[in-house]
Every structure is written in C-alpha cells, then in structure tokens.
Amino acid sequence: MSELRDFELETVRQDDFGEDPPPEKKGKGPLWVVVILLLLLGAGGLAYFYLRQPPPPPPLSEITLPQPEPEPAPQLPPMEEAKEEIDLPPLEESDSFLREAVSNLSAHPQLAKWLVTEGLARRFVVVVDNLAEGVSPRVHLPFLGPKGSFQVVEEAGEVRVDPVSFQRYDTVTDAFTSLDLAGTTELYDQLEPLFQEAYEELGYPDRAFHGTLVKAIDHLLATPVPTGDEVLAQKVLTYDYSDPRLAGLSPAQQQLLRTGPDNVRRIQAKLRQIRGSIAQ
C-alpha cells in the first residue's frame, strides 16, 4: 500500500488512487491632468482675449516682425521605467519577510494560516521543481491536505468519483484564485533573486529558476479538464482511472484532475494569467 495521501496539487502513482481503503459506495504618469489643465488655461486665455477692451494700436516704431519659431527638438523614445529594488533579507531569515509580503496579495483567511510554516522560499522552490517534473510535492505541503475522505459512487456497475470529493478542494482553489495578479507579478519579480539562490542551493547552479517555474505552470496547464464523470478502476485497496490517457498522466496532473472540473478550470485560468505576466 502506498504512503501517498490524497493531496492538493499532488497525485498518487498510476496504480494507487489514494491511501484510504475503498470507501462505502453510495449516490503610469498623470497625462490627463496635464491635458485638462492646458484646456482650462487655454479656455481662460480665450475668454480674457474676447472680453477685454482692445488696446490702441502700437506706434509703427514699436512694431516688431514675428520671428520664425525654432524647430522642435527631436522626440527621444521614453526610457524604460526602472524596476523598484527592495532590500531582500538573507535566505535563512526570509520567512517573516515573505509572510508579510504574500499576505498583502489576498485577504483570504486561509492564506495566513498556510504561511506559518517554516522555510517558505526553499519550500516554494522545491514544490515548483517537483511540479515541473510531474512529481508529487506532498511531503512539502502537508498543510494542504483536504479534509474528509475520498468518496466514490457506483451506478450501473461503474465506479466514479463522488462530487463531494471535489468540494474538499474548494478552499485551496478559492485562496489561490484570490491572489492579486498585479501584486503577485510584482512580488515575484522582486523575490526572484531569493528564489534563484534557493534553487542553486537545491543543486542547480547553472539553471534559471524562472524557466523551471514556467515549465511547472505549463505542465499543469497541459492537464485535461475532467468531466467529473470519469470511470474508475478498483485496485486492491485503491482506485485508478480506467481511461489509459488519464491513467498515464503524471502524478501532479492526476491530482489536479481530482480537484474536479470547476476547480481545474479556475486554477488553470489563474495559472494562465500568472504565466502571461511573469513569462515576458
């Protein structure tokens, strides 16, 4: 029997659909401000011009011929705005810094509870590396285990996932999709050197962490959206997908399937947004 448990963004081996024994079967720039100011000043100038009494014409000796206006200076392309730099703490002392920074991305109450764990930067890097390779990150994310047991229903001799099992993943999906996209992108951009240090420490001194993150996102995005009606095959104490195409997915992709159709769509939609923002 496998030691792997039912877990968020993790899966079990192809011959192991869960540890629990088979359950009972049942049913920039304020340009517009400048424009408005110019219009107001222009309108005020025109009103003054039309309402005041015209002055007497000046003597001919005081009349000066208009001088040609100088040619405008060539417009240079705008300079790229420099990225805001922040003083990052040492990797060993980065937990409190990361907790405060990430807590600003969402008001979801569950997020703060998950951030009490230690080694946040290293844990994030390891999880991303696991997902990029299709490996289950279960051991690094014990606090994301869903409540309740995995349930199935049987009808006309076929076993399927009970929709109640999908609902166990609603909370983690809600928390993930609540992240502010702009804030998440900016924070990742600022923290990337910290993640790169942890990634090199993991054993990749000549590889960029950013590429691994994009690979992990793409791997999860390649997961087919389930219908929720997939047929399961019962093993000795576990279940597997009857469809060879689904049974052949990586452990990470199979676990994403088990969050259910609605949650898969929501998670993948958020992942596409994040990938489009950070992978430029």
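Residue numbers are given in the numbering used here: position 162 of the sequence shown equals residue 185, and the series is strictly consecutive.
The beta carbon of each residue, even a glycine, is placed where N, CA and C say it ideally should be.
On the criterion of 16 or more Cβ atoms from any shown chain inside 10 Å, does Gly283 qualify as buried, or is it exposed? buried
Just to confirm the assignment, what range does the alpha helix (DSSP H) spanning Arg191 have? From DSSP, Arg191 is part of no alpha helix (DSSP H); its letter is neither H nor E.
Ala292: buried (16+ other C-beta within 10 angstroms of its C-beta) or exposed? exposed
Mapping DSSP to helix, strand and coil, what is Ala256? strand
Terminal residues of the beta strand (DSSP E) in which Tyr262 lies: 262 to 264
Pairing CB atoms from the region 227 to 246 with CB atoms from the region 153 to 164, are three or more of them under 8 Å? yes
Classify Lys218 as buried or exposed, calling it buried when 16 or more other Cβ atoms lie within 10 Å of its own Cβ. Looking at the sequence shown, residue 218 is not Lys but Phe. Answer is buried; the Cβ neighbour count reaches 16.
Measuring CA to CA, which of Leu210, Ile297, Arg288 is closest to Asp193? Arg288
Taking 8 Å as the limit between beta carbons, can you name the residues of its chain near Lys170, skipping five residues before and five after? Arg191
Buried or exposed for Leu74, please, with buried defined as at least 16 other CB atoms from any protein chain shown within 10 angstroms of its CB. With a pLDDT of only 34 at Leu74, under the threshold of 50, the placement of this residue in the model should not be trusted, and no figure is reported.
With a 10 Å radius around its C-beta and 16 neighbouring C-beta atoms as the bar for buried, classify Asp252 as buried or exposed. exposed
What residue from Gly271, His242, Asp266 has the CA that sits closest to Arg183's CA? Asp266
Hey, out of Leu243, Gly226, His242, Tyr222, whose CA is closest to His233's CA? Tyr222
According to the Cβ coordinates, are Leu255 and Leu279 closer than 8 Å? no
Give me, in chain order, the residues of the same chain whose beta-carbon lies closer than 6 Å to that of Arg145; leave out the 5 immediate sequence neighbours on both sides. Ala221
Run the CB neighbour count on Arg161, radius 10 Å, all protein chains shown included, and call it buried at 16 or more, exposed below. buried
Measure the C-alpha to C-alpha separation of Leu269 and Pro186 and round it to an integer number of angstroms. 18 Å
Where Thr250 falls, given that 16 or more other Cβ within 10 Å makes a residue buried: exposed
Host beta strand (DSSP E) of Arg183 (start-end): 181 to 184
Cα separation between Lys20 and Pro247? Given that the chain is displayed from residue 24 to residue 303, the structure contains no residue 20 and the question cannot be resolved.
Tell me the residue span of the beta strand (DSSP E) that contains Glu177. 175 to 178
Span of the alpha helix (DSSP H) holding Thr250? That residue, Thr250, is in no alpha helix (DSSP H); it is neither H nor E in DSSP.
Taking Cβ positions only, does Ser188 come closer than 8 Å to chain B? Note that chain B does not occur in the displayed structure, where there is just one protein chain.
Please confirm whether Ser188 and His131 have their CB atoms less than 8 Å apart. no
Just checking my contact of Asn286 with Thr196 at CB under 8 Å: how many whole Å lie between their CB atoms? 4 Å
Which first and last residues belong to the alpha helix (DSSP H) in which Phe218 is found? 204 to 224
Using only the alpha-carbon positions, how far apart do His163 and Leu138 sit? 13 Å
Residues of its chain near Leu294, where Cβ-Cβ distance is below 7 Å and the 5 sequence neighbours each way are ignored: Ile240, Leu243, Leu244
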